[in-house]
Amino acid sequence: MAIDMNMFHGFIGQLGQLGKMAQPTDYPDDERVTRAKDVFGNRIGAEQAGDMEACVHCGLCAEACHFRVMTGNPKYTPARKFELIRRYYRREKGPFKWLYQLFTRDITAQDLMDWQELVYDSCTTCGRCSMICPMGINIAELVTITRAGLANAGLIPADLRAVQQEQQAYGTVFGAGPDALKLAVERMAEQGVEIPLDKDKADYLVITSVIDILLFNDTLMGTARVFNKLGLDWTIHTCAFEGANFGMLAGASTTQEKASLAIIDQAVKIGASAVIVPECGHAYPALRWAGANIYGQRLPFDVFTISELLAIQLKQGNLKLKQNPDLNITYHDPCKVGRYSGVIDEPRSVLQALGGRFTETPAHGKMNWCCGGGAGVFVINSATELRRKAFDKKIEEVDQTGADTVVMACGSCRMNFLRGSVDAKWDKNIVSMVAMVSENLA
Amino acid sequence: MIGEFIDGPLWYISSIVFVVAVVWRIIVILSFGRKKNLAKPRYSAGGGAMATILRRFFPYREFYEVSKFRIVAGYMFHIGLFALLFFAVPHIEFITSISGLSWAAMPHWAFILAAELSFFGLMYLFVFRLTNPVTRMLTTRGEYLGSVLVFVVMLTGCLALGRSHEFLRLFHLLSVELLLLYMPFSSLMHAFTFPFSRGFTGAVYHRRGLNI
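Those protein sequences? They're chains A and B, same order as listed. Using this note's numbering, the first residue of the first sequence is number 1, and each one after it goes up by one. Using this note's numbering, the first residue of the second sequence is number 1001, and each one after it goes up by one.
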């Protein structure tokens, strides 16, 4: 099922208008600083302190960051991105704060504003910098906390803030509520693919994302085909279907908690043994790794991303695939699924089971280069040029494989790939993994 | 008079400041604690911590090409310095005099080699810091000062090796004492904090299923 490119361009056009819909979050300068510091203070634990104490400014992380490498601008060096929180830590929490208060200046509202570009526009928290750091510093986590501080200070970029505010207020993203889901399900039923909505009890609660409902219907349809073929007891719920978590992306914890709890509560209610997260990169760690901490106890169900489920079913012999010798593919690891969550071998086992030619990009798995659109960057309009430059690295990598098709398991990545390929007039097929699998079910 | 001060009170003061400040810095880091992670782990956190502490002594192949000179210089400096610190004859004699412990020293040629390696490595990294746009932007005055102090300690150590003049030994000891006073407050403390950053991050990633 091909993507409707008119629909795609319309969607991209709407993204360009997001900022106008954001509600203002203005605070006096002093209050901004206080609010940011509150978050910094609460979120810095031994792990973050250990990280900030260890950095020697060797600059190696600059070589791992797609934004720094592709722009050549040193200001995008990952170590610089956590300098603000480090300054706060040293002055107000660290072991020699009395000393640092003599020699360093306090952070200001202007500093917070200056850091907006560094932690939102030019960082997808992809974590590649942590792979090169000789000290093993978890830079992405420090950037995430800085984002949370800025969010609390009312400094989420307007485009991202508009979506976060919508999700906070209505539980929807890009206006796609239950009606949009029902409409998509009806359209798929007309094509012979049934999606069981709102079952009272089910083994699997499948969530989806707004992008799959509005744009990448092939992903949702592919998921349904696979589940139906496997004969699994599954459902999608109209009151808890949105996997995208713009609270997590923006650094707004209340929105993150609300979005996650909606899914967790529904999964508990229907007695699900597992929640299946769609091809939405960050939706997986939002539930798999952060969910239990929000819920306050270990989740009473498993959480699998779709590529994980496919690999499990394949290994158990339940998923049978046709061999397709014509395939000439490579795989793009979504950062939040691969490097962040350790789901690296699973998608490869599925794709290799399809036959054909599978070629890895030079850097892949935990070393994969991010596409440049993750962590909400794909909706931030001020990041357009940065994102485009970062994507050139992806083009370089994929071109070296000789593959004609790039497979991925993340809607945001796919969106970014499509935008990037349109901009660069790059003629690769950009496809969903589950959609490809569903087209090759034996 | 000055010599007695360097040999006596200043040595004790700098040693005490060093030990107390290093221990304090580590205690404060650990005192922040870790929040209990309720997510079901894929693998153990502890195994990942140990693996990453050791694994990060070696860079990933993927990054070697873009950072090979810095990596090689880093190895030269750190290995050379380690050898000089713990296997130079005067240092072992000094440690023996205060603790009774003793071990085999490296031969003179190895001392020269270790000194050359560490000098070259340190100077390369220092020049790199000054000339590379990224490191020039990141590096603080404190970090330059740390590099200079280490350089002076190494230089005075080499000058004092022949033990031809008492003032050279005192000069070396004075530079060491200044370094001891400065180190716990500077990023040179990475010599003690690296297991924490590596270990914590390794634990986080391994819990999620990844060996880094």
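Glycine included, each C-beta is placed from N, C-alpha and C at the ideal position.
Contact under 9 Å by Cβ, residue i with residue j
i	j	result
residue 1050 of chain B	residue 1209 of chain B	no
residue 311 of chain A	residue 347 of chain A	yes
residue 373 of chain A	residue 432 of chain A	no
residue 214 of chain A	residue 25 of chain A	no
residue 1175 of chain B	residue 1152 of chain B	yes
residue 145 of chain A	residue 202 of chain A	no
residue 236 of chain A	residue 207 of chain A	yes
residue 196 of chain A	residue 380 of chain A	no
residue 1134 of chain B	residue 74 of chain A	yes
Any C-beta of chain B under 9 Å from that of residue i
i	result
residue 119 of chain A	no
residue 57 of chain A	yes
residue 74 of chain A	yes
residue 228 of chain A	no
residue 248 of chain A	no
residue 273 of chain A	no
residue 350 of chain A	no
residue 223 of chain A	no
residue 137 of chain A	yes
residue 302 of chain A	yes
residue 367 of chain A	yes
residue 265 of chain A	no
residue 134 of chain A	yes
residue 388 of chain A	no
Residue burial classification, residue i (beta-carbon count within 10 angstroms, cutoff 16)
i	result
residue 181 of chain A	buried
residue 415 of chain A	buried
residue 1070 of chain B	buried
residue 242 of chain A	buried
residue 313 of chain A	buried
residue 42 of chain A	exposed
residue 186 of chain A	exposed
residue 260 of chain A	buried
residue 1206 of chain B	buried
residue 488 of chain A	As displayed, chain A neither begins before 1 nor continues past 442, which places residue 488 of chain A out of reach and without an answer.
residue 284 of chain A	buried
residue 1046 of chain B	exposed
residue 179 of chain A	exposed
Cβ-based neighbour list, residue i, same chain, cut-off 7 Å, excluding 5 preceding and 5 following
i	result
residue 1192 of chain B	1022, 1026
residue 255 of chain A	164, 167, 168, 246, 247
residue 1095 of chain B	1101
residue 1143 of chain B	1187
residue 391 of chain A	371, 372, 416, 420
residue 272 of chain A	202, 203, 204, 205, 301
residue 353 of chain A	314, 321
residue 152 of chain A	35, 36, 38, 39
is_contact[residue i, chain A] using C-beta, thresh 9 Å
i	result
residue 1202 of chain B	yes
residue 1179 of chain B	no
residue 1014 of chain B	no
residue 1197 of chain B	yes
residue 1163 of chain B	no
residue 1079 of chain B	no
residue 1118 of chain B	no
Which of helix, strand or coil DSSP assigns to residue i
i	result
residue 1044 of chain B	coil
residue 302 of chain A	strand
residue 211 of chain A	helix
residue 408 of chain A	strand
residue 312 of chain A	helix
residue 33 of chain A	helix
residue 42 of chain A	helix
residue 1134 of chain B	helix
residue 332 of chain A	strand
residue 1193 of chain B	helix
residue 1147 of chain B	helix
residue 1167 of chain B	helix
residue 27 of chain A	coil
residue 275 of chain A	strand
residue 220 of chain A	helix
residue 204 of chain A	strand
residue 319 of chain A	coil
residue 369 of chain A	coil
residue 1038 of chain B	coil
residue 1095 of chain B	helix
Other residues of its chain near residue i: CB distance less than 8 Å, five sequence neighbours each side excluded
i	result
residue 3 of chain A	215, 216, 218, 418
residue 1006 of chain B	1170, 1173, 1174, 1177
Same chain, Cβ closer than 6 Å to residue i, neighbours up to 5 away in sequence not counted
i	result
residue 363 of chain A	369
residue 124 of chain A	370, 374, 375, 377
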